[in-house]
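In the numbering used here, the protein residues as written are 56 to 122.
Here it is in structure tokens:
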């Protein structure tokens, strides 16, 4: 059984054979589930500020715990 990939930007799991793989010059590999994730990553947008990412949900839960 093939291992599912996890999007490096939004944190969503996606099937192998779909999405994109981006390799930087230093050899670090990033997987993206969609063009939208890749686009926002290349624009250096912070995923914690976008409501549709897992990072936003985790940051929101941490803020709620502090209060």
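Positions of the beta carbon are idealized from the N, C-alpha and C atoms, including for glycine.
On a predicted model such as this, the values are computed, not experimentally measured, just so you know.
Kindly list the residues whose CB is nearer than 7 Å to the CB of residue i, restricted to its own chain and excluding five residues on each side of it in sequence; keep chain order.
i: residue 78; result: 84
i: residue 90; result: none
Could you check what DSSP says for residue i in three-state terms: helix, strand or coil?
i: residue 75; result: strand
i: residue 97; result: helix
i: residue 116; result: helix
Report the partner residues of residue i according to the DSSP bridge assignment.
i: residue 69; result: 60
i: residue 87; result: 75
Report the rounded CA-to-CA distance for residue i versus residue j, giving the unit in angstroms.
i: residue 118; j: residue 64; result: 21 Å
i: residue 96; j: residue 121; result: 29 Å
Which residues in the same chain have their Cβ closer than 8 Å to the Cβ of residue i, if we skip the five residues on either side of it in sequence?
i: residue 74; result: 60, 62, 86, 87, 88 and 89
i: residue 111; result: 102, 103, 104 and 105
i: residue 98; result: none
Go through its chain and collect everything with a Cβ distance to residue i's Cβ below 6 Å, but skip five positions before and after it.
i: residue 57; result: 71
i: residue 76; result: 86
i: residue 68; result: 59 and 61
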